[in-house]
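In case it helps, UniProt numbering puts the sequence shown at residues 1 to 231.
What follows is one structure encoded as structure tokens, with my remarks underneath.
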Amino acid sequence: MSLQDFCGFYSDLDICSSSPDFIDGSPSHHWKSSSHEGRWVAGISAGGCMNNFGTKKKFKLKRKQHRPGPTLDRFNLLSDETFWTNPQYRVEVGGSDNRGEKNMLVSLMQKPDKRNRGLVQNLFIGFLVFEVSAVFLPPSMIHLMLSNTFHLLLFFKVPKEYKAVKGKFPTAFFGRNMPVARVDGYINAREVMQLMSLKPGEYLIVPSTFNPNKTASFILTVLSKAETRIQ
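Here it is, written out as structure tokens:
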């Protein structure tokens, strides 16, 4: 196939590899991988996406159709009172602070609950990443910034006081923080991922389904250039 035909018939190119080592183009760089199995349980740990930051004003995060999937109910706009119940993973990123360098890849994969994969209907899934450092914004400012955007993966700076939090971060944590980056919305694909640049520090990853009370299992994988600790 000629290059002209290839460009005319295809819009995306996926390169499959066992690790992102090839991105650096150097055999001296070896990415580290850590995988964790989890589960969203309806009524317990399936809080859905964060379409509301603790006030009554409503805005919507976007669902992105990857391929034909299940018919979902009308968007159920949630408050942070349910979002915080989702599984949470704390990640400590080491290494040097190379600004702009892609140093972490996060992948979220759904685990099929049926033997016949042809019968599996993928949920709309995604994840959010929060930085544990010191910046505060009132909920009204958060709404002003997000009301005209439709994205999923958000990176938030959060108060230093939460560094000492054990267990899940509380509901108030998710309603008062500054988003600093984002990518496209929830996708009904078996796997979603994002390559990102994170400076050394502590982060919180929250995987979720778009709608609440959707029971499903998942695998969260974090690949990084530097050593990371996940709990």
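The beta carbon of each residue, even a glycine, is placed where N, CA and C say it ideally should be.
Quick check on DSSP: helix, strand or coil for E81? It is helical.
Counting C-beta neighbours from all protein chains within 10 Å, is the total for M50 16 or more, i.e. buried, or is it exposed? By the 10 Å Cβ count, M50 comes out buried.
Cutoff 7 Å; reference G43; Cβ partners in own chain excluding five residues on either side: N213
Counting only the same chain and skipping the five closest in sequence on each side, list residues whose C-beta sits under 6 Å from that of G47. Annotation for G47: T82, F83, T85, N86, P212 place their beta carbon closer than 6 Å to its own, counting only its chain and skipping 5 residues before and after.
Below 8 Å on the Cβ atoms is my contact criterion, and I expect P207 with L220 to pass it. Report the Cβ-Cβ distance as a whole number of Å. 6 Å
From E227, E37, G126, G118, pick the residue whose C-alpha is nearest to that of E191; which is it? E191 has its Cα closest to that of G126, out of E227, E37, G126, G118.
According to the neighbour-count rule (16 or more other Cβ atoms, all chains shown, within 10 Å of its Cβ), is K225 buried or exposed? buried
Are the beta-carbon atoms belonging to R229 and E131 less than 8 Å from one another? no
Whose CA, out of Y10, N103, R39, G118, lies closest to the CA of V222? N103
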